[in-house]
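Take a look at the structure set out below.
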Amino acid sequence: MWEAVDGAAREVLWQTYICKDDEVGSRTLRRMVTARLRNCRVELLYDSGGNISGRTRLTEELKNCGGSVIAYRPFFSSALKYFLQGLDWRKSPGLRNHRKILLVDNEIGFCGGLNIGNEYCGLRLGGNNKFRDAHCAVYGPVVAHLREVYDDTKAPQTWKYGWARWRQIASNKLNRRIEVGKNAVETGILRPIQDGTRKATERGGIYFRQQVHKAERSTERMLRRIRWEKQWEKISKWVTWYNKRVSTLLNRMSDTTIPESPQKYEGSSGAHETQSKAESLSSSKLEGVQPDFILSENSRVDIASAGSPCPKTKFENPRVVNCSGEAGFLPDTKVVDDTNSVNGVKSTQSAAMQRRIAKERIQALHKATNIAHKRSWTGMLLDIPIADNEPVPEAEGYSSRHPAETQILSCNPRYHDYSIQYAYWQVLRKCHRRIWITTPYYLPSRKLFRALLHTASRGVDVRILAGSSRTTDPWFMWHASRYVTERLIRGGVRIYEYKGNQIMHAKTVVVDSVWSSIGSYNWDIMSDKNLEVCLCHLDAKMAREMETHFLEDLKLSEEVKLEDYQKRSLWLRFTSFFFYNLVYILQRIAFFSFADDDLEASLYSSKIKSKKLLGKKDNLKGEI
Numbered sequence: 002m003w004e005a006v007d008g009a010a011r012e013v014l015w016q017t018y019i020c021k022d023d024e025v026g027s028r029t030l031r032r033m034v035t036a037r038l039r040n041c042r043v044e045l046l047y048d049s050g051g052n053i054s055g056r057t058r059l060t061e062e063l064k065n066c067g068g069s070v071i072a073y074r075p076f077f078s079s080a081l082k083y084f085l086q087g088l089d090w091r092k093s094p095g096l097r098n099h100r101k102i103l104l105v106d107n108e109i110g111f112c113g114g115l116n117i118g119n120e121y122c123g124l125r126l127g128g129n130n131k132f133r134d135a136h137c138a139v140y141g142p143v144v145a146h147l148r149e150v151y152d153d154t155k156a157p158q159t160w161k162y163g164w165a166r167w168r169q170i171a172s173n174k175l176n177r178r179i180e181v182g183k184n185a186v187e188t189g190i191l192r193p194i195q196d197g198t199r200k201a202t203e204r205g206g207i208y209f210r211q212q213v214h215k216a217e218r219s220t221e222r223m224l225r226r227i228r229w230e231k232q233w234e235k236i237s238k239w240v241t242w243y244n245k246r247v248s249t250l251l252n253r254m255s256d257t258t259i260p261e262s263p264q265k266y267e268g269s270s271g272a273h274e275t276q277s278k279a280e281s282l283s284s285s286k287l288e289g290v291q292p293d294f295i296l297s298e299n300s301r302v303d304i305a306s307a308g309s310p311c312p313k314t315k316f317e318n319p320r321v322v323n324c325s326g327e328a329g330f331l332p333d334t335k336v337v338d339d340t341n342s343v344n345g346v347k348s349t350q351s352a353a354m355q356r357r358i359a360k361e362r363i364q365a366l367h368k369a370t371n372i373a374h375k376r377s378w379t380g381m382l383l384d385i386p387i388a389d390n391e392p393v394p395e396a397e398g399y400s401s402r403h404p405a406e407t408q409i410l411s412c413n414p415r416y417h418d419y420s421i422q423y424a425y426w427q428v429l430r431k432c433h434r435r436i437w438i439t440t441p442y443y444l445p446s447r448k449l450f451r452a453l454l455h456t457a458s459r460g461v462d463v464r465i466l467a468g469s470s471r472t473t474d475p476w477f478m479w480h481a482s483r484y485v486t487e488r489l490i491r492g493g494v495r496i497y498e499y500k501g502n503q504i505m506h507a508k509t510v511v512v513d514s515v516w517s518s519i520g521s522y523n524w525d526i527m528s529d530k531n532l533e534v535c536l537c538h539l540d541a542k543m544a545r546e547m548e549t550h551f552l553e554d555l556k557l558s559e560e561v562k563l564e565d566y567q568k569r570s571l572w573l574r575f576t577s578f579f580f581y582n583l584v585y586i587l588q589r590i591a592f593f594s595f596a597d598d599d600l601e602a603s604l605y606s607s608k609i610k611s612k613k614l615l616g617k618k619d620n621l622k623g624e625i
């Protein structure tokens, strides 16, 4: 970041939560002053809550040379206004700017969890390397989006809405359309019938017969639709049956077993065709064609290569023999001998229909093999174990089909923007294999808390890497987080405590080896009421790098076991209960009048039963 500031040509915009008056802080301000002397526009925005003693001496030189210094929401004046003007949460001293953004010439941007101070800088650059943190640099068009978030801190855009408010607007508009549609149906159907009856009475039977003819045509269309729905049910049954066996078929496609002497059906023509199909199957290997399965009753007859069974034979309860010789029964398939049909017409039509049905079913089964990224494969993929150092198999295939994408997410309670929380909720709902979270402490809102439990109940590998009693800042948040640890562990979430020599301050998420996030959002109830920013990236290469860092931190961590947690002392039990309720009381005092539909529990109803995962009493007071 210092190199970017030294190379600035037009402007330097720095926004941080903490800017300490120490060696690293002085060197940072000195570089900003130098950039200002090069006629660059320089601006420093720091949060007054994170710098409660002020930074007058540190920023004096920058102000004197024409730079802009902004102290975001002075703490004591905000507290005085809050308590004297009716406890309005918009004036609360707890509403802080927790974003860390650096923009240089609108060409390069930085965001993450790094503040300005010795604790956040490495030993090589003069810091003490006290904090374990994550920060990233971005280039290209995404910098413009990061600039919008930067400007949003100074001048909130009241026209922006959160996800729930947009959903409410869309729902209201949809409801109006439904009401208009009902009126249109009444106007377009009931009134014409009434007018038709009146005209039929006036004009006689001719008009009435015309209306009857139209009704018959509509009835015919309705019957065709019913027939199509029945046919679709049969096709869906075949696809469902195939999905249960698709993994076995795909793993053994390369080996094909052909009997030496297949049993012949009655009728010479059927026998010759059966023999020819077996010959074509054996020759398909030479031509590079691999059949998917073989239909047989007492023998194995290939229909994948020929496209149809014997012309004069319908199959009744046939078996599916995969390429390794294992068999299974196909649903709702019958064999009827049509060799004695009159003039062979019925036999020919039946054989043609069977060929057509077999062809369509085979095409449907082939399509089913090309949907690895769909939810239908999730159950089968969960049965395949994956080592921690191995990527999720579907991630590489997804990256090969889609370009990398980067997105900037922000949250601002001033205009009910909770994009970060909603994005995390969505990835928790839709992840398939694993989601690894790094956060200093965990005290999530009710929505994210239930999403974590629901995701773990689906068999997803959910891990939370947080600080320990020695590596958590502030220290009391470790005690508050321990109050909900047992519920998460019982729900299937694996929790690790960082035991390294640094304080855990990183805020990252990596999902299914393809989606990753770096930002300033802590998984606690106070971050829902702070200004936050996160950078999300959809790419397997970046996600693999994030997983590597996570596993490196995991080596210096210790998993919290339920047996050890239940053996903790009475003092630790009391401190967890006390600080958990203290955090809840403080956030209620700081945001006494805060109420927002986006964070109400009614919007976050989960599909799982809370009694099974949370117990009979859901007394999460810290949940919003």
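Note that our numbering has the sequence shown beginning at 2, numbered continuously upward.
Each residue gets a CB set at the ideal place from its N, CA and C atoms; glycine is no exception.
If you're wondering where the values come from, they're calculated on a predicted model, not measured in any experiment.
| task | Taking Ile586 as part of the beta strand (DSSP E), name the residues at either end of that continuous run. | result | The residue you call residue 586 lines up with position 585 of the sequence shown. Counting along the chain, no beta strand (DSSP E) covers Ile586; the unbroken alpha helix (DSSP H) around it starts and ends at 571 to 591.
| query | With a CB to CB cut of under 6 Å and the five nearest residues on each side skipped, what residues in its chain are close to Lys64? | reply | For this step, residue 64 is matched to residue 63 along the sequence shown. The answer, listed in chain order, is Val70.
| To which residues does DSSP link Tyr499 through a beta bridge? | Here residue 499 refers to the residue found at position 498 when the sequence shown is read from its first residue. Beta-bridge pairing links Tyr499 to Gly468, Ser558.
| task | Would you identify the three-state DSSP class for Ala229, choosing helix, strand or coil? | result | For the purposes of this step, residue 229 is taken as the residue at position 228 of the sequence shown. Correcting the residue type first, residue 229 is Trp in the shown sequence and not Ala. Reduced to three states, the DSSP call for Trp229 is helix.
| message | Below 8 Å, how does it come out for the stretch 14 to 33 and the stretch 43 to 55: are there three or more Cβ pairs, yes or no? | response | yes
| According to DSSP, is Ala138 helix, strand or coil? | Within the sequence shown, residue 138 is the residue found at index 137, counting from 1. Note: Ala138 maps to strand in three-state DSSP.
| message | What does the alpha-carbon distance come out to for the pair Asn107 and Ser420? | response | As a first step, residue 107 must be located in the sequence shown, where it is residue number 106. As a first step, residue 420 must be located in the sequence shown, where it is residue number 419. Spanning the two alpha carbons is a distance of roughly 23 Å.
| Is Trp479 near the ligand SAM, going by C-beta to nearest heavy atom under 8 Å? | Only the bare structure without any ligand can be found here, which leaves the ligand SAM out of the picture.
| Contact under 9 Å by Cβ, Asn116 with Lys101 | The residue you call residue 116 lines up with position 115 of the sequence shown. The residue you call residue 101 lines up with position 100 of the sequence shown. In contact: Asn116 and Lys101 (Cβ atoms closer than 9 Å).
| request: Look up Trp15 in the DSSP assignment and say whether it is helix, strand or coil. | output: As a position in the sequence shown, residue 15 is number 14, starting the count at 1. In the three-state DSSP reduction, Trp15 falls in the strand class (E or B).
| query | What are the residues that DSSP puts in a beta bridge with His538? | reply | By one-based count along the sequence shown, residue 538 stands at place 537. Note: His538 sits in a beta bridge opposite Thr407, Ser517.
| message | Just to confirm before moving on: does the CB-CB distance between Lys508 and Ile519 stay below 9 Å? | response | Against the sequence shown, residue 508 aligns to sequence position 507. Against the sequence shown, residue 519 aligns to sequence position 518. Closer than 9 Å, so yes.
| Which word fits Phe77, buried or exposed, when buried means at least 16 other C-beta atoms lie within 10 angstroms of its C-beta? | Taking the sequence shown and counting its residues from 1, the one referred to as residue 77 is at position 76. Classification for Phe77: exposed.
| message | Less than 7 Å between C-beta atoms, sequence neighbours within five positions excluded: which residues of the same chain meet that for Cys432? | response | Working through the sequence shown from its first residue, we reach residue 432 at position 431. The answer, listed in chain order, is Thr456, Val461, Val512, Asp513.
| request: Tell me whether Glu395 is buried or exposed, calling it buried when 16 or more other Cβ atoms sit within 10 Å of its Cβ. | output: Taking the sequence shown and counting its residues from 1, one reaches residue 395 at position 394. Glu395 should be labelled buried.
| Exposed or buried, Gln16, counting other C-beta atoms within 10 Å across all chains shown (16 or more means buried)? | The count along the sequence shown starts at 1 and reaches residue 16 at position 15. By the 10 Å Cβ count, Gln16 comes out buried.
| said: Short of 7 Å in beta carbon distance, which residues of its chain neighbour Ile19, apart from the five on each side in sequence? Order them along the chain. | reply: The residue labelled residue 19 in the question sits at position 18 within the sequence shown. Excluding sequence neighbours, Ile19 sits near Gly51, Asn52, Asn116, Ile117, Gly118.
| Which two residues bound the contiguous beta strand (DSSP E) that contains Ile436? | Residue mapping note: residue 436 aligns to position 435 of the sequence shown, counting from 1. Per DSSP, Ile436 belongs to the beta strand (DSSP E) from 435 to 439.
| field | Residue from Lys131, Tyr484, Gly492, Asp540 with nearest C-alpha to Leu571 | value | Translated into positions along the sequence shown, residue 571 becomes position 570. Of the listed residues, the one whose Cα sits closest to Leu571 is Tyr484.
| Hey, out of His506, Asp22, Ser49, whose CA is closest to Gly95's CA? | Looking up residue 95 in the sequence shown gives position 94. Residue Ser49 is the option with its Cα nearest to Gly95.
| How about Ile409 and Thr440: do their beta carbons lie closer than 9 Å? | Taking the first residue of the sequence shown as position 1, residue 409 is located at position 408. Taking the first residue of the sequence shown as position 1, residue 440 is located at position 439. Taking 9 Å as the Cβ cut-off, Ile409 and Thr440 do not qualify as a contacting pair.
| field | Given Ile436 as reference, the closest of Leu444, Gln422, Asp525, Val463 once Cα atoms are compared | value | Translated into positions along the sequence shown, residue 436 becomes position 435. Cα-wise, what sits closest to Ile436 is Val463.
| message | Can you give me the C-alpha to C-alpha distance between Leu224 and Glu230, rounded to a whole angstrom? | response | Within the sequence shown, numbered from 1, the residue matching residue 224 stands at position 223. Within the sequence shown, numbered from 1, the residue matching residue 230 stands at position 229. Counting only the Cα atoms, Glu230 lies some 10 Å from Leu224.
| task | Kindly give me the distance between the Cβ atoms of Leu103 and Phe111, rounded to whole angstroms, as I take these residues to be in contact under 8 Å. | result | Counting from 1 along the sequence shown, the entry for residue 103 is found at position 102. Counting from 1 along the sequence shown, the entry for residue 111 is found at position 110. Indeed they touch by this definition, with Cβ atoms about 4 Å apart.
| field | DSSP-derived helix/strand/coil call for Ala507 | value | Residue mapping note: residue 507 aligns to position 506 of the sequence shown, counting from 1. Ala507: coil per DSSP, three-state reduction.
| In this structure, does DSSP put Arg32 in helix, strand or coil? | Along the sequence shown, read from residue 1 onward, the residue named residue 32 stands at position 31. DSSP places Arg32 in the helix class (H, G or I) of the three-state scheme.
| request: Would you kindly check if the distance between the Cβ of Gly68 and the Cβ of His506 is under 9 Å? | output: Taking the first residue of the sequence shown as 1, we reach residue 506 at position 505. Taking the first residue of the sequence shown as 1, we reach residue 68 at position 67. No; because the gap between Cβ atoms is not below 9 Å, this pair is not in contact.
| field | Alpha-carbon to alpha-carbon, Gln86 and Phe551 | value | In the sequence shown, counting from the first residue as 1, residue 551 sits at position 550. In the sequence shown, counting from the first residue as 1, residue 86 sits at position 85. Rounded to whole angstroms, Phe551 to Gln86 spans 46 Å at the Cα level.
| Just reading off the beta strand (DSSP E) that Arg42 is part of, what are its end residues? | To locate residue 42, count along the sequence shown from 1; it is residue 41. Counting along the chain, the unbroken beta strand (DSSP E) around Arg42 starts and ends at 42 to 48.
| Can you check whether the CB of Met478 is closer than 9 Å to the CB of Phe1? | No answer is possible for residue 1: the residues shown for the chain start at 2 and end at 625.
| request: Starting from the C-beta of Ser482, find all residues in its chain whose C-beta is less than 7 Å away, skip the five residues before and the five after it, and write them out in chain order. | output: For the purposes of this step, residue 482 is taken as the residue at position 481 of the sequence shown. The beta carbon of Ser482 sits closer than 7 Å to those of Tyr442, Tyr443, Leu444, Ala467, all from its chain and outside the five residues before and after it, given in chain order.
| task | Let me know the secondary structure DSSP gives Ser69 once reduced to three states. | result | Within the sequence shown, numbered from 1, the residue matching residue 69 stands at position 68. In the structure shown, Ser69 falls within a strand segment according to DSSP collapsed to helix, strand and coil.
| query | Roughly how many whole angstroms lie between the Cα atoms of Arg37 and Thr154? | reply | Your numbering for residue 37 matches position 36 in the sequence shown. Your numbering for residue 154 matches position 153 in the sequence shown. Those two C-alpha atoms are separated by around 22 Å.
| Residue nearest to Leu126 in terms of C-alpha spacing, selected from Met547, Gly26, Asp152 | For the purposes of this step, residue 126 is identified with residue 125 of the sequence shown, where counting begins at 1. Comparing Cα-Cα distances from Leu126 to each of Met547, Gly26, Asp152, the minimum goes to Gly26.
| What do you get for Tyr522, buried or exposed, if any count of 16 or more other CB atoms within 10 angstroms of its CB means buried? | Counted from its first residue, the sequence shown places residue 522 at position 521. Answer is buried; the Cβ neighbour count reaches 16.
| Tyr425, DSSP secondary structure in three states | The residue given as residue 425 occupies position 424 in the sequence shown. In the structure shown, Tyr425 sits in a helix (DSSP, three-state: H, G or I).
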